[in-house]
Amino acid sequence: MDSLNLASIFHGYLVSKIDKMNLVLKITITLGLVTGSLFVLDNFYSSSLRSNKNTKADYVSSTKIDADVLIHGPCEPLWMVNPEQLDEATGKKSYNLALSHSDFADNYLHLYLYLKSNKAPKLILLYVTPESMDKNFNTFNSYRFAQYMYDDTVAKVLSECDAEYYRRIWIPYFAYAYYNKQITFNALQGLKHKKDNRALPFFVNGFEPPAKITWDNHLEDMQSQYPQGYEFMIDSSRVKYLKKTIALAKQYGSKIILFESPVLSESLKSLKNREETITFINQLAAKENVDYILFKDENLSASRSNYISSLNLNAKGLVVFNDTLAKYIKNYFTN
1 MDSLNLASIF HGYLVSKIDK MNLVLKITIT LGLVTGSLFV LDNFYSSSLR SNKNTKADYV
61 SSTKIDADVL IHGPCEPLWM VNPEQLDEAT GKKSYNLALS HSDFADNYLH LYLYLKSNKA
121 PKLILLYVTP ESMDKNFNTF NSYRFAQYMY DDTVAKVLSE CDAEYYRRIW IPYFAYAYYN
181 KQITFNALQG LKHKKDNRAL PFFVNGFEPP AKITWDNHLE DMQSQYPQGY EFMIDSSRVK
241 YLKKTIALAK QYGSKIILFE SPVLSESLKS LKNREETITF INQLAAKENV DYILFKDENL
301 SASRSNYISS LNLNAKGLVV FNDTLAKYIK NYFTN
């Protein structure tokens with residue numbers, strides 16, 4: 001009887017031990033499958049995004065553009081500066097590296113990625129306006145650099161400009177899941193570009209013609225929100241990355257010039273300290289030994305018929321400004 005009880009107890013112990021081992025095995029296999037799946041997704045997103053020719057970071061990192069003139073900045077130059085018109089007038093090759101809603105840190109990393117894979121341009125024209133110095137305008141778009149997060153320079157900027165995101169990107173796939181809405185379409189488009197062996201983006205020279213062709217009420221919205229006028233607040237991180245962008249251009253031997261296109265005259269009365277901010281930018285430019293050019297055109301600035309917003313010229317107005325900019329570039333290379 002005792003022997004039977006002992007055997008029964010031992011059998012129960014073995015069954016319990018096996019059940020526990022099976023549970024551990026199941027958990028291990030599940031964790032392995034989940035981890036493996038995350039690595040597969042991580043590799044898929046990284047590879048697919050790098051194959052997308054319509055995203056500038058990926059296009060300039062994989063393609064030899066080697067422009068003589070590089071246009072850079074946020075949406076204003078993106079929608080206003082047409083390399084085709086410039087090239088025809090100057091005989092030089094230009095490329096528009098600007099991106100919508102991008103701050104100087106965003107500009108800095110795109111210039112860094114461009115210079116890693118391309119010959120340094122002889123001239124870089126960087127758009128700078130008082131709005132550029134204020135954190136209420138434009139932003140750092142972390143998702144644009146997810147596939148380059150293991151690059152030391154990119155990682156450092158990500159850690160400074162989006163610390164919460166950076167703390168989590170060590171988890172496989174998390175760098176892409178965190179900004180999934182902004183990234184997934186680009187990854188799928190990149191997969192298609194890879195399948196089709198696509199070599200060029202939709203906007204080959206980087207210029208995106210303004211989607212809006214009429215006034216968009218942006219000025220009226222600002223005046224309604226700030227009836228006493230808007231006061232610019234100069235942000236230290238904007239100053240820091242503007243200086244870093246200038247230094248990066250110089251490091252590669254490029255001449256960098258800061259510029260602002262003609263501004264709608266009627267909007268100026270709503271900007272309380274625009275002139276003081278312009279003075280600050282001029283002083284910064286002088287300390288960095290670069291020029292700051294304020295392009296002015298009274299005929300353009302006098303009428304809304306040339307603008308879609310107070311800073312953005314429409315299709316008619318940008319032709320006039322590009323003619324002025326082309327003459328400036330031609331004169332620069334001639335002299």
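Going by the numbering used here, the sequence shown runs without a break in its numbering and finishes at 335.
Note that the Cβ used here is the ideal one computed from N, Cα and C, for glycine as well.
Remember, it's a predicted structure, so these values are computed and weren't measured experimentally.
In this structure, the CA atom of K272 is about 16 Å from the CA atom of E220. Judged by DSSP in its simplified three-state form, E260 adopts strand. The stretch 279-291 makes no contact with the stretch 314-321; the number of CB pairs closer than 8 Å stays below 3. Between Q147 and R50, the beta carbon gap of about 6 Å places them in contact (Cβ cut-off 8 Å).
H72 carries a strand assignment under DSSP once its states are collapsed to helix, strand and coil. Between K53 and H193, the CB-CB gap stays under 9 Å.
Look at L123 here: in three-state DSSP terms it is strand.
In the DSSP assignment, N186 falls within the unbroken alpha helix (DSSP H) covering N180 to K195. For Y241, there is no enclosing beta strand (DSSP E); the residue is part of the alpha helix (DSSP H) that begins and ends at S236 to Q251. Taking the CA atoms as reference points, Q251 sits about 20 Å from Y95. Looking at the backbone, the Cα of K330 and that of S142 are separated by about 36 Å. Assignment of K327 by DSSP, reduced to helix, strand and coil, places it in the helix class.
The beta-carbon separation of S261 and A302, rounded to 15 Å, does not stay under the 8 Å limit for a contact.
When rounded, the separation of the alpha-carbon atoms in L248 and S224 is 40 Å. Between the alpha carbons of F140 and Y150 lies a distance of about 18 Å. With a cutoff of 9 Å on beta-carbon distance, A105 and S254 are scored as not near each other. The DSSP assignment places 123-127 as complete runs of the beta strand (DSSP E) inside the stretch 121-179, in order along the chain (cut-off: 3 residues). A distance of 9 Å or more separates the beta carbons of Y45 and P201.
Within the model, the alpha-carbon separation for L31 versus S47 is close to 24 Å. Here the stretch 196-210 makes no contact with the stretch 101-118; the two share fewer than three CB pairs at distances below 8 Å.
T277 sits close to P130, with the two beta carbons spaced by under 9 Å. CA-to-CA, the gap between L125 and N43 works out to about 36 Å. Secondary structure note for N118: it is in no beta strand (DSSP E), with a DSSP letter that is neither H nor E. Residue burial is scored here from C-beta neighbours: W170 has fewer than 16 other C-beta atoms within 10 angstroms and is therefore classed as exposed.
Spanning the alpha carbons of R198 and E164 requires a straight line of approximately 35 Å. Sequence-distant partners of G229 (beyond 5 residues in either direction) whose C-beta falls short of 6 Å from its own C-beta, in its chain, are S270 and K272. Inclusion of N322 and L86 in the CB contact set at 9 Å is warranted, their separation being smaller than that value. Relative to the Cα of E288, the nearest Cα in the group D68, N82 and Y241 belongs to Y241. For I308, there is no enclosing alpha helix (DSSP H), since its DSSP letter is neither H nor E.
Taking the C-beta atoms as reference points, N118 is found no nearer than 9 Å to A57.
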